[in-house]
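Quick notes on the structure that follows.
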Amino acid sequence: MPVIALPTGRSLDACLGIIEGAGMPSQKLRDAGRNLVVDDGGYRYLLGKPSDIPTLVSQGLAELAFIGSDVTEESDVDLAELVDTGMGRCFMAIAGPPAIAERFGGHASGLMGLRVASKYGRIARRTFESWGAHVKILRLNGSVELAPALGLADCIFDIVQTGSTLKANGLVVVKRTAEVSLRLVANPGALQLRWEALRDAVGAVRNFVIGG
Ligand code: PRP
């Protein structure tokens, strides 16, 4: 049976919406509770932490996965992107206290030497390097908005969806750097070897996205 990995957390609802909209089985998935492996109507769904989804796919434990483009870009694994669902939209940004936004003033030189907290160390490094701005990246695993408040970092590099976490912590967007959405990805080997078994699911998601 096709094995599809899904990220737990904020993206799961959007994934369930896509799966339902595509006409794939979802009842047992809805009722999964704390189950992390759910067999539902001929599909097996694996529920993993977003940052672990690329590993589940690249190691062949899942053939397909829904995952944010932020996570695939941050991961260092080879995944085939099949469909941009256009859902789960958010954006990547540098954010900080208003004084940092003023110091930036649209010029990367304003960010030189800053301490930047992020759970997206690779993307952050690439982004700042592309501007020739030398910064110190501090890698955290979550709640990065805490870092400027505690004086651990000057600003953060993170995803922003509603903006409410930034607002609650007195931070503002300094620069929006990339758009993010949920993608359907595959293990490249599985695509070749198991296409017959996977194509209904891929086609159903693609049709739902195009039709929607
Ligand atoms: C993400 C992100 C921000 C927040 C942004 O964290 O890292 O903290 O969501 O969302 P908002 O703009 O709607 O407030 P997440 O909730 O995934 O948890 P984490 O901090 O533990 O990674």
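In terms of the working numbering, the sequence shown opens at residue 95 and continues consecutively. In this text, a Cβ means the ideal position worked out from N, Cα and C, and glycines have one as well.
Under 9 Å between C-beta atoms of residue i and residue j
i, j, result
"L106", "L141", "yes"
"D164", "I98", "no"
"I161", "V299", "no"
"I250", "V266", "no"
"M186", "D252", "yes"
"A202", "A227", "yes"
"V274", "R183", "yes"
"L381", "V254", "A question about residue 381 goes unanswered here, because the residues of the chain that appear run from 95 up to 306."
Supposed contact pair residue j and residue i - C-beta distance, whole angstroms, cut 8 Å
i, j, result
"S212", "I194", "The pair is not a contact, with the Cβ atoms about 14 Å apart (cut-off 8 Å)."
"P96", "C109", "That pair is no contact at about 15 Å."
"T166", "P191", "Not really, about 30 Å apart at Cβ, beyond 8 Å."
"Y214", "E168", "5 Å"
"V229", "G207", "7 Å"
Exposure of residue i, with buried meaning 16 or more beta-carbon neighbours within 10 Å
i, result
"S120", "buried"
"P282", "exposed"
"D248", "buried"
"I304", "exposed"
"A262", "exposed"
"T256", "exposed"
"S258", "exposed"
"D170", "exposed"
"L173", "buried"
"A284", "buried"
"L205", "buried"
"A295", "buried"
"L123", "buried"
"S224", "exposed"
Reduced DSSP secondary structure (H/G/I, E/B, other) of residue i
i, result
"G226", "coil"
"A59", "With the chain running from 95 to 306 in the structure shown, residue 59 is simply not present."
"D146", "helix"
"R124", "helix"
"A202", "helix"
"L287", "helix"
"S258", "helix"
"T271", "strand"
"E175", "strand"
"S169", "coil"
"L110", "helix"
"D133", "strand"
"G162", "strand"
Residue from the options with nearest C-alpha to residue i
i, options, result
"G180", "E168, L292 and L276", "L276"
"A241", "G264, A227, R219 and H228", "G264"
"W289", "F222, P144, D146 and L176", "L176"
"S145", "A159, V296 and A295", "A159"
"G297", "G103, R104 and G117", "G117"
"L292", "R104, V132, G136 and G127", "G136"
"D244", "R209, R219 and R270", "Sequence check: residue 244 is Leu here, not Asp. When only C-alpha atoms are compared, the closest one is R209."
"V131", "L150, S224 and L234", "L150"
"Q286", "G103, E157, E114 and W225", "E157"
"D134", "S152, Q153, E114 and K143", "E114"
"R220", "D178, A272, G236 and E196", "A272"
"K143", "R197, E196 and G236", "G236"
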